[in-house]
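Asks: Quick one: structure below, then a few questions.
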């Protein structure tokens, strides 16, 4: 295998593995803040027992948060090193622009997260409840700012603006144009939405597990009601944020949109594909089931709007069509599942919470709780699919229309060495994953402190 | 002829200094908690090890961020240097990474283990070893990376290393690796003196406090020998066209500060020995910077290519200005709350509570 292919495999492996953890950290951080804030509010009102429940809930989720955060940090360092170790030519090309968001991320976000997490973990008895709650807020804000800056760097590669080419590299021309390039805001909102949703479904799934076993009832009930509400809000939110993001892709990366949708011929009244398999040889999509004009309407609010098809673009610029198409559609399907599932659950819960509680639960409620637990991976998978669609969909470019992925790799690292490091990464990351699951189970089985 | 842009030159030098400061900051902060991982190997008592981990628990993660910041800043301000160093030193950097992963996992997951779990003690021991060995390994590889930068590389016309990746583990880098382990072990022991309980622990005749002094003293001797060796070899072989006098002056200062530390260790002065070792590390860093300036990557003896310097590797003037503004706005805030958190966690720790 060539060095370039191996370097891509290693990048895909390490970034996908890393991205299991940050969305959950971000989502949980905000939920922890919500609980600690509730604790302050209830204490002020004088409801000691309610305040206690909020505090107990916060401390439970902090435990699961730290396990996740630790693995996220460990695998995150890999990413920063890897731009240099494996993508040296890329680093030289983008450093003038990419470096600033990365440095800003460290200065504005990493320090904030890690310092205040220290208080959250070790400092409860050393600071006041207000400072404790403030620390949770800072961890959540830090995690979110961190996502912002790294999304800025990614977005610039997707839709580069505010630069000019000097001596074969991109140099900064306008800071604000580079930071707020056309895809930054839609991508950031979509990413954060996905993270919040991951946190919400995680809380929902774990508390559903407790409800089914009738364990830690008070705590489980509280977390379940928070989880189901947040899951529903974030799932619906993602519908709009996902749409917002797709409209941007339509405007700025038409080839990518055509690959997402399996659209070959440019046309007005473009149909929305419900099912189909792109056929790269014959330049058509087989077994297509479509809704007429729906794609035009969705991307431009005008059923007559023109949408570019794949045939308008040179073939050498096509991304891998099948992967782009499938990852995008699976993501959408999982998104729809999350909307329906959380909405149904929310309504059932609001209609009759008692049906979910106690030994004599209603059958439908029991089924819902069971699915809720097994659906924990769904939002994780949706995150992975979304990024896979976004990243594979912009191939063969690493910086859209400026730098090819094949021209980015480190020339000083031979293929055999990359293979060796892939093996090492695989072993160490498998170990990390096993430990992560092991400790999550350990903590879930133990439950909140009494 | 192109006019000399003095503002640009000034910015490049400023950024060289900022990156040097960030790396020194990393050594001073993460240095002691990496050093603690060696001390972990000097005791087998899980209770004492717990004390060690608690002494660095709230801060090690924030300290590690300094490495990320320094790496990010290098990427941003000198992309070519970042690209050449990280790809040219492929294995040292990946091994640093793996070391950091094991150490982080060891410290974070040890705390999460439940007492009720079967074979609890075995698991605790495993996590302790991951922390200790991961930390020592990380220190060693950091030294290897620095040693390779001092000895230099052979570079292609585009600035990529053309040396073999296995030659990265030659004698001088390995010596630099051992030196780093020794110096930071002393640092870790001197840090523990401030954190461990004063009284005797049940299992040990000599208190942790006294033993920390002993570890500091013993590792001081190793540090003294290795640092002297590394510095002398560097001055003789890797001085390149740098003037001799400043380097010898700094090296003499290093030796003086080391002796001062020993004087304070003998006097059992916890604060002064810690402070003089901090100054020792700073002066060692100054020596390395003086040895390299203005190079990021000098050319190896007998090697080919053009050295990567702060002039030919930097980002554009505009990027350097923008990042200087970001740094000036955010860095004081970072220092502010880091200081505040150290104040909150001031004082000694015990295995209980």
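Protein chains in written order, with this note's numbering: chain X, 818 to 1267; chain C, 1382 to 1734.
Just so you know, even glycine gets a beta-carbon here, dropped at the ideal spot from N, CA and C.
Computed from a predicted model, the values in this text were never measured in an experiment.
Bridge partners of residue 1542 (chain C), per DSSP?
Replies: Answer is C:1536.
Asks: What are the boundary residues of the beta strand (DSSP E) that includes residue 1687 (chain C)?
Replies: Here residue 1687 (chain C) belongs to no beta strand (DSSP E), and DSSP marks it neither H nor E.
Asks: Rounding to the nearest angstrom, what Cα-Cα distance links residue 1060 (chain X) and residue 949 (chain X) in this structure?
Replies: Answer to the nearest angstrom: the Cα atoms are 37 Å apart.
Asks: Looking at C-beta atoms only, is the number of pairs between the region 1024 to 1031 of chain X and the region 1124 to 1141 of chain X that lie closer than 8 Å three or more?
Replies: No, the region 1024 to 1031 of chain X is not in contact with the region 1124 to 1141 of chain X.
Asks: Using 10 angstroms around the beta-carbon of residue 1067 (chain X), count the other beta-carbons present and answer buried if the total reaches 16, otherwise exposed.
Replies: Buried, because 16 or more other Cβ atoms sit within 10 Å of the Cβ of residue 1067 (chain X).
Asks: Just the Cα atoms here: how many angstroms apart are residue 1382 (chain C) and residue 969 (chain X)?
Replies: Residue placement at residue 1382 (chain C) is poorly supported in this model, since its pLDDT is 45, which falls under 50; the coordinates still yield a value, given next. C-alpha separation (whole angstroms): 38 Å.
Asks: With a threshold of 8 Å between beta-carbons, can residue 1548 (chain C) be considered close to chain X, or not?
Replies: Not closer than 8 Å to any Cβ of chain X, the Cβ of residue 1548 (chain C) fails to qualify, so no.
Asks: Helix, strand or coil, according to DSSP, for residue 1093 (chain X) in the structure here?
Replies: Strand.
Asks: Report the neighbours of residue 936 (chain X) on chain C: residues whose CB is nearer than 9 Å to its CB, in chain order.
Replies: Simply 1439, 1722, 1725, 1726.
Asks: Assign residue 1602 (chain C) to buried or exposed, taking buried as 16 or more other Cβ atoms, counted over all protein chains shown, within 10 Å of its Cβ.
Replies: Looking at its Cβ environment, which holds fewer than 16 other Cβ atoms inside 10 Å, residue 1602 (chain C) is exposed.
Asks: Determine, using beta-carbon pairs with one atom in the region 890 to 903 of chain X and one in the region 949 to 959 of chain X, whether at least three such pairs fall under 8 Å.
Replies: No: the two stretches stay apart, fewer than three of their Cβ pairs being nearer than 8 Å.
Asks: Report the rounded CA-to-CA distance for residue 1484 (chain C) versus residue 1173 (chain X), giving the unit in angstroms.
Replies: Spanning the two alpha carbons is a distance of roughly 43 Å.
Asks: Looking at chain X, which residues of the region 1446 to 1460 of chain C have a Cβ within less than 9 Å of any of its Cβ atoms?
Replies: The region 1446 to 1460 of chain C vs chain X, Cβ under 9 Å: 1446, 1447, 1448, 1449, 1450, 1451, 1452, 1453, 1454, 1455, 1456, 1457, 1458, 1459, 1460.
Asks: What are the residues of the region 1487 to 1511 of chain C that lie near chain X, defined by any Cβ-Cβ distance shorter than 9 Å?
Replies: From the region 1487 to 1511 of chain C, only 1488, 1489, 1490, 1492, 1493, 1494, 1495, 1497, 1498 have a Cβ closer than 9 Å to chain X.
Asks: Use the C-beta contact count for residue 907 (chain X): other C-beta atoms within 10 angstroms, 16 or more gives buried, fewer gives exposed.
Replies: Buried: at least 16 other Cβ atoms inside 10 Å.
Asks: Please state whether the Cβ-Cβ distance between residue 1688 (chain C) and residue 1627 (chain C) is less than 8 Å.
Replies: No. Outside cutoff.
Asks: Identify, in the order they occur along the chain, each residue of the same chain with its Cβ nearer than 7 Å to the Cβ of residue 991 (chain X), setting aside the five sequence neighbours on each side.
Replies: 979.
Asks: In the region 988 to 1015 of chain X, which residue ranges form an unbroken alpha helix (DSSP H) of at least 4 residues, counting only runs that do not cross its ends?
Replies: Entirely contained in the region 988 to 1015 of chain X, the alpha helix (DSSP H) runs reaching 4 residues are, in chain order, 992 to 996.
Asks: Identify whether residue 944 (chain X) lies in helix, strand or coil by the three-state DSSP scheme.
Replies: Coil.
Asks: Given a limit of 9 Å on CB to CB distance, which residues of the region 896 to 919 of chain X reach chain C?
Replies: Hits within the stretch, in order: 897, 898, 899, 900, 901, 902, 903, 904, 905, 906, 907, 908, 909, 910, 911, 912, 913, 914, 915, 916, 917, 918, 919.
Asks: Residue 1740 (chain C) by DSSP, collapsed to three states: which one?
Replies: This structure cannot settle anything about residue 1740 (chain C), because the visible part of chain C is limited to 1382 through 1734.
Asks: Listing by chain order, which chain X residues have their CB less than 7 Å from the CB of residue 1684 (chain C)?
Replies: The premise fails here: residue 1684 (chain C) is roughly 13 Å from chain X at the closest Cβ pair, so nothing lies under 7 Å.
Asks: How is the beta strand (DSSP E) around residue 1105 (chain X) delimited, first residue to last?
Replies: That run of the beta strand (DSSP E) goes 1101 to 1108.
Asks: Closest to residue 1466 (chain C) by C-alpha separation, out of X:851, X:1186, X:1228, would be which residue?
Replies: It is X:1228.
Asks: Along the chain, where does the alpha helix (DSSP H) containing residue 1547 (chain C) start, and where does it finish?
Replies: Premise fails: residue 1547 (chain C) is in no alpha helix (DSSP H) and is neither H nor E.
Asks: Is residue 1597 (chain C) close to chain X, meaning its C-beta is less than 8 Å from at least one C-beta of that chain?
Replies: Output row for residue 1597 (chain C): interface = no.
Asks: Quick one: any contact between the region 1521 to 1529 of chain C and the region 1482 to 1498 of chain C, if contact means 3 or more CB pairs under 8 Å?
Replies: The region 1521 to 1529 of chain C vs the region 1482 to 1498 of chain C: no contact.
Asks: Shorter than 8 Å from the beta carbon of residue 1644 (chain C) to some beta carbon of chain X?
Replies: No, its Cβ sits nowhere closer than 8 Å to a Cβ of chain X.
Asks: Tell me residue 981 (chain X)'s beta-bridge partners as DSSP assigns them.
Replies: For residue 981 (chain X), which the question treats as bridged, DSSP gives the partners X:988.
Asks: Going along chain X, which residues have a C-beta under 8 Å from residue 1532 (chain C)?
Replies: Under the 8 Å cutoff, chain X gives no residues; its nearest Cβ is about 16 Å from residue 1532 (chain C).
Asks: Could you name the residues of the region 1233 to 1251 of chain X whose beta carbon sits closer than 8 Å to any beta carbon of chain C, in the order they occur along the chain?
Replies: For the region 1233 to 1251 of chain X, which is checked against every Cβ of chain C, the residues closer than 8 Å are 1234, 1238, 1241, 1245, 1249.
Asks: Kindly list the residues whose CB is nearer than 7 Å to the CB of residue 1156 (chain X), restricted to its own chain and excluding five residues on each side of it in sequence; keep chain order.
Replies: The answer, listed in chain order, is 1052, 1053, 1056.
Asks: Can we count residue 1535 (chain C) as close to the ligand FAD, meaning its CB is less than 7 Å from some heavy atom?
Replies: Only the bare structure without any ligand can be found here, which leaves the ligand FAD out of the picture.
Asks: Here's a check: name, in chain order, each residue in its chain whose Cβ is nearer than 6 Å to the Cβ of residue 845 (chain X), leaving out the five neighbours to either side.
Replies: Once the five neighbours on either side are set aside, the close Cβ partners of residue 845 (chain X) are 878, 882, 1016.
Asks: Residues in the region 1644 to 1667 of chain C with C-beta within 7 Å of chain X's C-beta atoms, listed in sequence order?
Replies: Within the region 1644 to 1667 of chain C, no residue qualifies.
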